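Chemist:
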Amino acid sequence: MVMKNKKIKIAVTGGKGGTGKSTVATSLAVEFARKSKTMLVDADVECPNDHLLLSSKRKKYSNVYQPIPKWDFNKCTKCGKCASICKQNAIVFVKNKFPAFIKDVCIGCKACMVACPVNAISMTKKEIGKIYTGRNYDVNLVIGELKLGELASGEIVSSVREKSEEIDKKLKSEIMLIDSAAGIGCPVIASLVGTDYIVAVTEPTPSALHDLKRVLYLANHFKIKSGIVINKFDLEKKFCLKIENFAKKNKLPIIGRIPYKKDFVDSTIKMKPVVEINPEYRKVFEEIIFQINKKVENGSSKTS
Ligand code: SF4
Ligand code: SF4
Numbered sequence: 033m034v035m036k037n038k039k040i041k042i043a044v045t046g047g048k049g050g051t052g053k054s055t056v057a058t059s060l061a062v063e064f065a066r067k068s069k070t071m072l073v074d075a076d077v078e079c080p081n082d083h084l085l086l087s088s089k090r091k092k093y094s095n096v097y098q099p100i101p102k103w104d105f106n107k108c109t110k111c112g113k114c115a116s117i118c119k120q121n122a123i124v125f126v127k128n129k130f131p132a133f134i135k136d137v138c139i140g141c142k143a144c145m146v147a148c149p150v151n152a153i154s155m156t157k158k159e160i161g162k163i164y165t166g167r168n169y170d171v172n173l174v175i176g177e178l179k180l181g182e183l184a185s186g187e188i189v190s191s192v193r194e195k196s197e198e199i200d201k202k203l204k205s206e207i208m209l210i211d212s213a214a215g216i217g218c219p220v221i222a223s224l225v226g227t228d229y230i231v232a233v234t235e236p237t238p239s240a241l242h243d244l245k246r247v248l249y250l251a252n253h254f255k256i257k258s259g260i261v262i263n264k265f266d267l268e269k270k271f272c273l274k275i276e277n278f279a280k281k282n283k284l285p286i287i288g289r290i291p292y293k294k295d296f297v298d299s300t301i302k303m304k305p306v307v308e309i310n311p312e313y314r315k316v317f318e319e320i321i322f323q324i325n326k327k328v329e330n331g332s333s334k335t336s
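Okay, structure coming up:
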């Protein structure tokens, strides 16, 4: 089913949180892994939980660092320019005093260093998170985790993507799934860039459709093919029809419909992919894989 000699990169996203992205990503990974070498990258770095859903132990691979400024007060003339340029308000300046630094809100943009007229600022680094690896159900996992209280989630997603490529030099996966965070911000963009296909997971609610439109706008902007998976489709059939009409109008394929069943709750409680809890669901995920392969090999899909 997988295209020969080419690694396919698939992002699993959807806009709204809680639509079941991780459930879909982990079960898709387990199904892909039955036939192809598969890596699942957990890029939901603020709350990574794919290793829990796959009951996989985690092993630390590396720390992730971010640049931060440090001051040489022997050179500082107390002009305050570094504080004025900092968009994060990470530098507090009071007239005739040395600037004070609030490390936790700094995003490492280096603007203060560039702005300082006497080169009193240089860069050092702080740890903002960690990368872990794991494996279960024949799925190789690479997990990014942001340190509590840190803000640079986009930076850590870029880092987990980079490290997953480094790790994959040995593993040589045929499929790389990237489970993104919710939303359409920096961390999501960093998850989508360079992928061949986007699986947009939604549910039949107005807020999910609203956020789905935004994420598909991103897919269109980056010219990445995409397909919609409606999770819990039987929860509200009328609204499901609205999603289907939206998809039809925008020539977007619906590549999967997942029912709302207690097995999905059991999957989370028992920390087992739903396809292992009840093999009946294998058909649903096999169909999604079939549709992805068809779309990656053939056509394109864009929203307007
Ligand atoms: S590196 Fe950027 S965010 Fe950090 S203190 Fe300097 S200007 Fe502010
Ligand atoms: S810009 Fe340079 S000289 Fe001015 S307050 Fe900041 S560190 Fe000191």
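According to this note's numbering, the stretch in the sequence shown is residues 33 to 336, in order.
Positions of the beta carbon are idealized from the N, C-alpha and C atoms, including for glycine.
Quick caveat: nothing in here was measured; it's all calculated off a predicted structure.
DSSP three-state call for S154: helix, strand or coil?
Modeler: As a first step, residue 154 is located in the sequence shown; it is residue number 122 there, counting from the start. Here S154 sits in strand by DSSP.
Chemist: Answer yes or no: the CB of A152 versus the heavy atoms of ligand 2, is any distance below 7 angstroms?
Modeler: Along the sequence shown, read from residue 1 onward, the residue named residue 152 stands at position 120. Answer for A152: yes, Cβ within range of ligand 2.
Chemist: Check R246 in the structure and name its three-state DSSP category.
Modeler: Working through the sequence shown from its first residue, we reach residue 246 at position 214. In the structure shown, R246 sits in a helix (DSSP, three-state: H, G or I).
Chemist: May I ask you to verify whether the stretch 232-248 touches the stretch 86-105, counting CB pairs closer than 8 angstroms and requiring at least 3?
Modeler: Contact between the stretch 232-248 and the stretch 86-105 is absent, because fewer than three Cβ pairs lie under 8 angstroms.
Chemist: Should C337 be listed as close to ligand 1, given that the test is whether its C-beta is under 7 angstroms from any heavy atom?
Modeler: The structure shown does not extend to residue 337, since the chain is modelled only from 33 to 336, so the question has no answer here.
Chemist: Going by alpha carbons, who is nearest to T70 out of R246, V247 and K202?
Modeler: Here residue 70 corresponds to residue number 38 of the sequence shown, with the count starting at 1. The shortest Cα separation from T70 among R246, V247 and K202 belongs to K202.
Chemist: Taking 6 angstroms as the limit between beta carbons, can you name the residues of its chain near S299, skipping five residues before and five after?
Modeler: Stepping through the sequence shown from its first residue, residue 299 is reached at position 267. So the qualifying residues of the chain are V306 and I309.
Chemist: CA-CA distance, L60 and T156?
Modeler: Residue 60 sits at position 28 when you count from the first residue of the sequence shown. Residue 156 sits at position 124 when you count from the first residue of the sequence shown. Answer to the nearest angstrom: the Cα atoms are 41 angstroms apart.
Chemist: Going by C-alpha distance, which of I287, D243 and K283 is nearest I260?
Modeler: Within the sequence shown, residue 260 is the residue found at index 228, counting from 1. With distances taken between Cα atoms, I260 lies closest to I287.
Chemist: Counting only runs of 4+ residues fully inside the stretch 43-103, write out the alpha helix (DSSP H) ranges in chain order.
Modeler: Runs of the alpha helix (DSSP H) inside the stretch 43-103: 53-65 and 82-85.
Chemist: If we count the other Cβ atoms within 10 Å of its Cβ and call it buried at 16 or more, is H242 buried or exposed?
Modeler: Reading the sequence shown from its first residue, position 210 is the one you call residue 242. So H242 counts as exposed.
Chemist: I'd like to know whether the C-beta atoms of S68 and E197 end up nearer to each other than 8 angstroms.
Modeler: Stepping through the sequence shown from its first residue, residue 68 is reached at position 36. Stepping through the sequence shown from its first residue, residue 197 is reached at position 165. Not a contact, by the Cβ cut-off of 8 angstroms.
Chemist: How big is the Cα-Cα spacing for M303 and L72?
Modeler: Residue 303 sits at position 271 when you count from the first residue of the sequence shown. Residue 72 sits at position 40 when you count from the first residue of the sequence shown. When rounded, the distance between both Cα atoms is 16 angstroms.
Chemist: Can you give the Cα-Cα distance for R66 and L86, rounded to whole angstroms?
Modeler: Position 34 of the sequence shown, counted from the start, is the residue given in the question as residue 66. Position 54 of the sequence shown, counted from the start, is the residue given in the question as residue 86. Taking the straight line from one Cα to the other gives about 15 angstroms.
Chemist: May I ask you to check if the CB of T340 is nearer than 7 angstroms to at least one heavy atom of ligand 2?
Modeler: As displayed, the chain neither begins before 33 nor continues past 336, which places residue 340 out of reach and without an answer.
Chemist: From this set, Q323, E329, K293 and I324, which residue's C-alpha is nearest G52's C-alpha?
Modeler: Indexing the sequence shown from 1 puts residue 52 at position 20. It is K293 whose Cα lies nearest to the Cα of G52.
Chemist: Can you tell me the Cα-Cα spacing of Y169 and S191, whole angstroms?
Modeler: Within the sequence shown, residue 169 is the residue found at index 137, counting from 1. Within the sequence shown, residue 191 is the residue found at index 159, counting from 1. So the alpha carbons of these two residues sit roughly 25 angstroms apart.
Chemist: Can you tell me the Cα-Cα spacing of I40 and T109, whole angstroms?
Modeler: In the sequence shown, counting from the first residue as 1, residue 40 sits at position 8. In the sequence shown, counting from the first residue as 1, residue 109 sits at position 77. Those two C-alpha atoms are separated by around 54 angstroms.
Chemist: If you draw a straight line from the alpha carbon of N151 to that of S185, how long is it in whole angstroms?
Modeler: Here residue 151 is taken as the residue at index 119 of the sequence shown, counted from 1. Here residue 185 is taken as the residue at index 153 of the sequence shown, counted from 1. If I take the Cα positions, the gap works out to 29 angstroms.
Chemist: In three-state DSSP terms, what is E308?
Modeler: Mapped onto the sequence shown, residue 308 falls at position 276. Here E308 sits in helix by DSSP.
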